Structures are given as C-alpha cells and as structure tokens.
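Colleague: All residue numbers in the sequence shown are consecutive under this note's numbering, ending with 501.
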Amino acid sequence: MKRLLFYIFGLLLCGLIVYASAYDRPLLVEFNSEPVPEGAPPVQVRIALYDWTENLEVKNAIRQFNQSNPDHIEIVMMNLSTDAYDDTLNMLMTSGQGPDVFSVDNSWLATYVNKGYLANLNSYLDPADLNRFPKWARDYARSSLFKGGIYFLPSSIETVRLIYNKQLFQSAGLDAEHPPVTFAEVKQAAARISRAGVGVNKYGFALAAGDSQDSLQTGLEMSNTYSGVYLYNYRNGRYDLSVYAPWLQMLLDMKAEGSLYPGETLLKRNGALRQFADGNIGMMYATSKDYVKLQEYMPKDNWGVALPPVTSSAKKGSGALMMIPHSPLAVNSSTPDREAAVKVWKFLQSEAFLTILFQQALALPVVDGITDLPGLVPGLGHFKEFYPTAEESIYPLSPQIMDQYDPNTVSVEPRDSGDRPRIQLYLQILSGGISAGEGLRAESDRLNQMLDIAATGYSFKREEYIYPGFDAKNPLGHVRAE
Numbered sequence: 020m021k022r023l024l025f026y027i028f029g030l031l032l033c034g035l036i037v038y039a040s041a042y043d044r045p046l047l048v049e050f051n052s053e054p055v056p057e058g059a060p061p062v063q064v065r066i067a068l069y070d071w072t073e074n075l076e077v078k079n080a081i082r083q084f085n086q087s088n089p090d091h092i093e094i095v096m097m098n099l100s101t102d103a104y105d106d107t108l109n110m111l112m113t114s115g116q117g118p119d120v121f122s123v124d125n126s127w128l129a130t131y132v133n134k135g136y137l138a139n140l141n142s143y144l145d146p147a148d149l150n151r152f153p154k155w156a157r158d159y160a161r162s163s164l165f166k167g168g169i170y171f172l173p174s175s176i177e178t179v180r181l182i183y184n185k186q187l188f189q190s191a192g193l194d195a196e197h198p199p200v201t202f203a204e205v206k207q208a209a210a211r212i213s214r215a216g217v218g219v220n221k222y223g224f225a226l227a228a229g230d231s232q233d234s235l236q237t238g239l240e241m242s243n244t245y246s247g248v249y250l251y252n253y254r255n256g257r258y259d260l261s262v263y264a265p266w267l268q269m270l271l272d273m274k275a276e277g278s279l280y281p282g283e284t285l286l287k288r289n290g291a292l293r294q295f296a297d298g299n300i301g302m303m304y305a306t307s308k309d310y311v312k313l314q315e316y317m318p319k320d321n322w323g324v325a326l327p328p329v330t331s332s333a334k335k336g337s338g339a340l341m342m343i344p345h346s347p348l349a350v351n352s353s354t355p356d357r358e359a360a361v362k363v364w365k366f367l368q369s370e371a372f373l374t375i376l377f378q379q380a381l382a383l384p385v386v387d388g389i390t391d392l393p394g395l396v397p398g399l400g401h402f403k404e405f406y407p408t409a410e411e412s413i414y415p416l417s418p419q420i421m422d423q424y425d426p427n428t429v430s431v432e433p434r435d436s437g438d439r440p441r442i443q444l445y446l447q448i449l450s451g452g453i454s455a456g457e458g459l460r461a462e463s464d465r466l467n468q469m470l471d472i473a474a475t476g477y478s479f480k481r482e483e484y485i486y487p488g489f490d491a492k493n494p495l496g497h498v499r500a501e
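1) How is the alpha helix (DSSP H) around Tyr445 delimited, first residue to last?
2) Report the CB separation of Phe165 from Val132 in whole angstroms; it is logged as a contact under 8 Å.
3) Hey, would you say Ala275 sits closer than 8 Å to Ala225, going by beta carbons?
4) Identify every residue that forms a DSSP beta bridge with Phe121.
5) Count the other C-beta atoms from every protein chain shown that fall within 10 angstroms of the C-beta of Leu137, then say buried if there are 16 or more, exposed otherwise.
6) Thinking just about the alpha-carbon of each residue, which of Thr330, Gln294 and Tyr304 is nearest to the one in Glu315?
7) Since Met269 is in the beta strand (DSSP E), which residue starts that stretch and which ends it?
8) I need the DSSP call for Tyr406, collapsed to helix, strand or coil.
9) Go ahead and pull the three-state DSSP assignment for Asp43.
10) Using the Cα positions of Val431 and Leu459, report the straight-line distance between them to the nearest angstrom.
11) Starting from the Cα of Leu326, find the closest Cα among Ala371, Arg288 and Phe405 and give me that residue.
12) Are the CB atoms of Arg357 and Val363 within a distance shorter than 8 Å?
13) Compute the distance between the beta-carbons of Arg288 and Ser242, then report whether it is under 8 Å.
14) I'd like to confirm the pairing. Which residues does DSSP put opposite Gly256 in its beta bridges?
15) Strictly under 8 Å for the Cβ-Cβ distance: is Ile389 near chain B by that measure?
16) State buried or exposed for Ser174, treating a residue as buried only when at least 16 other CB atoms are found within 10 Å of its CB.
17) Reducing DSSP to helix, strand and coil, say where Met112 ends up.
18) Which first and last residues belong to the alpha helix (DSSP H) in which Ile81 is found?
19) Considering Cα atoms alone, identify which of Leu68, Ser190 and Glu196 is closest to Arg211.
20) Look up Phe224 in the DSSP assignment and give the residues it is bridged to.
21) Out of curiosity, what's the CA-to-CA distance linking Asp272 and Thr237?
22) For Val311 versus Ala380, is the C-beta distance shorter than 8 Å?
23) Looking at Gly192 and Ala209, is the spacing between their C-beta atoms short of 8 Å?
24) Which same chain residues end up closer than 8 Å to Leu279 when comparing Cβ atoms and leaving out the 5 residues on each side of it in sequence?
25) Contact check, Glu204 vs Pro344 under 8 Å by CB: the rounded distance?
26) Please say whether Ser412 and Ala339 have beta carbons closer to each other than 8 Å?
27) Any chance the region 86-105 sits against the region 144-163, with 3 or more Cβ pairs inside 8 Å?
28) Suppose the cutoff is 8 Å on Cβ atoms and the five residues either side in sequence are ignored; what does the same chain contact list for Leu449 look like?
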C-alpha cells in the first residue's frame, strides 16, 4: 500500500514538473502579477469668486461636483481677498496667471474683452442655454462693446435699499411705517434718533466707508440714480461728479450734528451691520448681498426696508434705481482646457447651483424663474423686499480705463487705479480734507482727461459709450446690441 501511494505521489510530482516546464510559469499563485492601472489625474479648473466662497452649502456643492462629474474635473478655489479682489485679479490677468473661471466687476468687462482676456462662449451656447436668461441679460451681454461675442451672461443681480430700525424710530417719536423719502427727512430723522439715544450710543445713520468701494459705490452712486443722477452722462459721454454734492453735504451735516455713527472712514461693512443688528444704528444702506450677513447677526429689534432716499420729493423716480449684475462669471481665454472651464462655468450658472445661492439668500437669480418657485423662498423675513421692482433697472456700462499693472512690481497694497481715486476723493470730502465743490470738479476733469487720452488709442471708442437719446427712466432703451 505504501509503495502504491509512493508511486502515485511520484506521478503527480512529474506532472507538475512537466506543466511548469511547458508553460514557464511559477508554481506559486501570484495574486498581484498585473499592476492595477491608476485613474487619470483630474483636470483642475481654478476659479475665483468675489462672493460665496465661505458658505458651507456652496463648498458642499463644489465638493459634490468634484466627486460626481463624469469628466473628472476638479474645481480648485483661489483665495482672493474681497477687499482687493479687482486689483489682485487685474494683476493676475496681466501677468498671465489668472484663474480659469472668475467673477468680473461689471465696470471692467469691456476692458477685459478689449484686452483679449475673456473667452468667447458663443460656440458653447445653444438656444436653450440663452433662453434661460431674460432679454435684458442677453442684450446686455450682446452689447456692441463686446465685439460681437458672448463673454458672460448675468445670472443674478444686486439691489440697494435703505434699512432702518423701527424700534429706534418709535423711541424718537417717528412714524416707523413711513421711513424718510428725501435727504432732508433723513437728516431730520437721524438727528431725532441720536438725540433720543444720547448716553446709550444710539446713532441715526451709519456709513461703512471703511469698505469704501462697496459702501460708496452702492450708497452713493447706485442709490442716487433714483434721483435721476449718475457720475457719467450717457448723453454726451462726459463725467460730472458735481451731481453728488447734495448727498455728500447730507453726510457732512449729519456728522457735524453728531447723528452719524463715528469713525465712518474706518467702519467696515460687517461692523456696521452688526451694530445695526444690535440696535445701535437707526438707518444705513444695504444691498441684497448684505442680507445674509445681517441675518447671521440676528437683529434684536424690528426693522424695515425701503427704497433709497432722493435729493428732493420732486426728484423721486426721476431715474430708474440702478441694480447691477452680480459680478458676472467669465472664462479665461488662456485657460489650458477651455472645454473643462466652460463646463465649470455652466455648473456655476446652473439652476441647481443658483437655487442653492437663492435658498441661502446669497443671490437674486434672474434665470429659470427661481425666485418665483413655491417652496424655495428663503426662510428669512425681509429678503423679498430686496427683490427688484418696476422702478429698478440695469444701466449701460460706463467707460473704464484699465491702468497697466507691471507683474514685476506687484504691491500688496491696492494700486491707485480704476475707481480708487474717485472713492478716495469721497473719503477726503467726508473727512473735511477738501471741499466738495473743488474735489468733485477736479476729479471730473481728471476722468474726462483720461477719456480724451484713451480716445487717441485703438481699443477705446468713445462713441460706444454715448447714447444721445438716453432716458434715465428706461436706461437700456437705447443700448445698442449686436
């Protein structure tokens, strides 16, 4: 028996040797003989947004896009400081280091197109893509300023309002259901609120000029269009900042009377909103994008929302109140993968993403009827009062001459360019460093001289910014579209 078993074992061993010799394979099992192929690296698309980047729901939406999109695209957020966003973006674009998809301030759009910074999206958009947007948005994007291309499509807007503390109005003996309509009424109400709040640090009005560009461009330049005035005259193509003398004088008078919240040139917007929420400020300007921050601070008093005050009763409604497209998104013409960048652009313009922004009160979308859909209205009491009204409109673009940025001499401080000199002038006037008449006249002359110089070049055409039949009540009525 043992001999038989030995014989069988010998036969099996010989068979294994023959098999191994014939196939030239090892006798042991190799579980990892073939390397597992690695997945292709994702296509990174760098984006820069003026707003929204810190919102948790926005971060989640971008994370989900990165995990689930079939094109293996990874959105990478660039951290550009809001305070110096335009300056930083200008320097990055000039040096060829700009993001692939980014928000552009409306005033820089034509300049960026002329410099070839933005990709023409015409070939990537079909009729269904375009028809999501209202006619004014399509016309705005097709303006003759943009050389026959479509480089952006505004998907949301920003509005400006006067917000006021009803409790402080009542304490001062004012009608809390009838906020001030004119500059004179604002001054009177601010003085009464401040007098009633002496000793407890209550002030009638606040201007957060520490965030100068935001506060002064919205509180001064946007709001004054409701009085029919704007710094740029669309009829003749010239600047005239003297139209803002009454508004600046209103602020100077309140400051002299002690009814303006102190330290206005250093007061940041978030700080002012917090003080308003704490019940220490009677009135201030706020935009629709400020709303979410105000709600975060949980106002302790009942408060109201009104259209901005006007120069005088006779001026009310002399012009449509300006609303602005919320920093339109564009694609960098130099992006290494334009198709991927356009897919990210479309994602950020999608109904799903814009619905998230709306539900978080971060934006007022103008597409897909999002603001009218039942069940989507944010659970925040006053947000509807920031919705655009029949008295509001987008305005045509005014000229913007972009100063040259030398990437070899990048400064951490914002350059003296674009809107900055004008904003700094307003601050000088408010601080008493220069008279309103003198300063506004000098800055008007400087801006008009810049236009004259720019008109001698090839990229700037003065006639593209002139509308002889311009009607302030219907600002887009004479805009030329391609």
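Ideal Cβ placement from N, Cα and C applies to all residues, glycine included.
The model shown is predicted, which means the values in this text are computed figures rather than measured ones.
Modeller: Straight from the coordinates:
1) Looking up residue 445 in the sequence shown gives position 426. Taken as a continuous stretch (DSSP letters only), the alpha helix (DSSP H) holding Tyr445 covers Arg439 to Leu449.
2) Numbered from 1 along the sequence shown, position 146 holds the residue referred to as residue 165. Numbered from 1 along the sequence shown, position 113 holds the residue referred to as residue 132. That belief holds up - the Cβ atoms of Phe165 and Val132 are roughly 5 Å apart, short of 8 Å.
3) Stepping through the sequence shown from its first residue, residue 275 is reached at position 256. Stepping through the sequence shown from its first residue, residue 225 is reached at position 206. Contact flag unset, no.
4) Counted from its first residue, the sequence shown places residue 121 at position 102. Partner(s): Ala67 and Ala349.
5) Walking along the sequence shown from the start, residue 137 turns up at place 118. So Leu137 ends up on the buried side.
6) As a working mapping, residue 315 is identified with position 296 in the sequence shown. Ranking Thr330, Gln294 and Tyr304 by Cα distance to Glu315 puts Gln294 first.
7) Here residue 269 refers to the residue found at position 250 of the sequence shown. No beta strand (DSSP E) contains Met269, which is instead part of the alpha helix (DSSP H) from Ala264 to Glu276.
8) By 1-based counting over the sequence shown, the position of residue 406 is 387. Coil, per DSSP.
9) In the sequence shown, residue 43 corresponds to position 24, counting from 1. Here the model assigns Asp43 a pLDDT of 44, short of 50, so the residue's position is not dependable and the matter cannot be decided.
10) Counting from one through the sequence shown, the residue named residue 431 turns up at place 412. Counting from one through the sequence shown, the residue named residue 459 turns up at place 440. For Val431, the predicted structure reports a pLDDT of 40, less than 50, and the residue's modelled location is therefore unreliable. A value from the coordinates is still provided. Distance between the alpha carbons of Val431 and Leu459 is about 29 Å.
11) In the sequence shown, counting from the first residue as 1, residue 326 sits at position 307. Here the closest residue by C-alpha is Phe405.
12) Reading the sequence shown from its first residue, position 344 is the one you call residue 363. Reading the sequence shown from its first residue, position 338 is the one you call residue 357. Cβ distance not < 8 Å, so Val363 and Arg357 don't count as in contact.
13) Indexing the sequence shown from 1 puts residue 288 at position 269. Indexing the sequence shown from 1 puts residue 242 at position 223. Cβ atoms of Arg288 and Ser242: not closer than 8 Å.
14) Start at 1 with the first residue of the sequence shown, and residue 256 comes out as number 237. According to DSSP, Gly256 bridges with nothing at all.
15) Annotation note: the requested chain B is absent from the structure, which comprises a single protein chain.
16) Translated into positions along the sequence shown, residue 174 becomes position 155. Answer is buried; the Cβ neighbour count reaches 16.
17) The residue labelled residue 112 in the question sits at position 93 within the sequence shown. Looking at Met112 - three-state DSSP - the assignment turns out to be helix.
18) Numbered from 1 along the sequence shown, position 62 holds the residue referred to as residue 81. That run of the alpha helix (DSSP H) goes Leu75 to Ser87.
19) Stepping through the sequence shown from its first residue, residue 211 is reached at position 192. For the residues Leu68, Ser190 and Glu196, the minimum Cα distance to Arg211 belongs to Ser190.
20) As a position in the sequence shown, residue 224 is number 205, starting the count at 1. Beta-bridge pairing links Phe224 to Leu279 and Met302.
21) Mapped onto the sequence shown, residue 272 falls at position 253. Mapped onto the sequence shown, residue 237 falls at position 218. Roughly 20 Å separates the two Cα atoms.
22) Taking the first residue of the sequence shown as position 1, residue 311 is located at position 292. Taking the first residue of the sequence shown as position 1, residue 380 is located at position 361. A contact, by the Cβ cut-off of 8 Å.
23) Taking the sequence shown and counting its residues from 1, one reaches residue 209 at position 190. Taking the sequence shown and counting its residues from 1, one reaches residue 192 at position 173. Contact flag unset, no.
24) As a working mapping, residue 279 is identified with position 260 in the sequence shown. Excluding sequence neighbours, Leu279 sits near Ala209, Tyr222, Gly223, Phe224, Ala225, Leu226, Leu270 and Met273.
25) Against the sequence shown, residue 204 aligns to sequence position 185. Against the sequence shown, residue 344 aligns to sequence position 325. Between Pro344 and Glu204 the Cβ distance is about 31 Å, and since that is not below 8 Å, they are no contact.
26) On the sequence shown, residue 339 is found 320 positions in, with the first residue counted as 1. On the sequence shown, residue 412 is found 393 positions in, with the first residue counted as 1. A contact, by the Cβ cut-off of 8 Å.
27) no
28) Within the sequence shown, numbered from 1, the residue matching residue 449 stands at position 430. These residues qualify, in order along the chain: Leu226, Ala228, Leu267, Leu270, Leu271, Lys274, Glu283 and Thr284.
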